[in-house]
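Working notes for the structure below.
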Amino acid sequence: MSLTVTSGSTGEVSAYPPQGLTPTHEQIVRHLRHSSAIAERATLMGHHPFGAILVGPDQETVLMEQGNVDTVNHAESVLARVAALNFTPDYLWSCTLYTSVEPCCMCAGTAYWANIGRVVFGMTEKRLLEATGSHAENPTMSVSSRYVFDHCQKQVELIGPVEDVEEEVMRVQQAFWKSRVTP
């Protein structure tokens with residue numbers, strides 16, 4: 001089902017939900033597990049355990065994948081910036097960004113500006129804080145992606161947390177953060 005949304009003060013009209021196919025539950029779980037595997041791979045390169053993938057409108061084709069780089073180049077924001085350089089805004093509106101952990105406000109904003117129409121995450125930022133504690137390398141912000149998207153003029157579809165993968169993602173986070181010595 002598609003409906004038309006008039007956005008904020010601009011009166012802009014955009015299709016909601018994003019055009020393209022709606023992902024099935026099986027696709028959501030599979031793609032979130034893929035993003036979690038990217039997060040684990042990032043740790044092998046010395047980076048924090050966050051991973052993201054961009055899936056095309058068919059909900060099958062993985063267009064890009066990205067692990068975390070550093071504290072200002074999160075997996076989701078790097079992926080969204082590169083996607084914006086390589087795909088049209090109309091095409092990206094039909095794509096889905098999958099990420100192991102709920103995007104922070106920087107990453108949610110970058111996905112919005114890249115015009116990615118749907119974001120799916122495995123575990124909330126609040127649960128991430130349970131895994132990281134007050135670790136100096138990841139001072140988690142208490143700003144949900146829902147809050148960010150609720151304050152945008154275009155309505156980005158947000159799905160998550162996804163119970164089927166939440167504990168798997170939490171285990172990856174806990175294992176990593178327990179191994180880090182607090183500076």
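According to the UniProt record's numbering, the sequence shown is numbered sequentially starting from 1.
The beta-carbon is built from N, C-alpha and C at its ideal position, and this holds for glycine as well.
The continuous alpha helix (DSSP H) containing Ile38 extends over residues His25 to Leu44.
Beta-carbon to beta-carbon, Gly122 and Leu32 are separated by about 5 Å, close enough to satisfy the 8 Å threshold. Counting C-beta atoms within 10 angstroms of its own C-beta, Thr96 has 16 or more neighbours from the protein chains shown and is therefore classed as buried. The C-beta separation of Pro49 from Ser94 comes to about 29 Å, leaving the pair out of contact by the 8 Å criterion. Counting of Cβ neighbours within 10 angstroms places Lys154 among the buried residues, the total reaching 16 or more. The beta carbon of Tyr112 lies closer than 8 Å to those of Val148, Phe149, Cys152, Lys154 and Val156 in the same chain, with the five residues before and after it left out.
With contact defined as three or more Cβ pairs closer than 8 Å, the stretch 125-134 and the stretch 81-95 are not in contact.
Here DSSP, grouped into helix, strand and coil, assigns Leu21 to coil.
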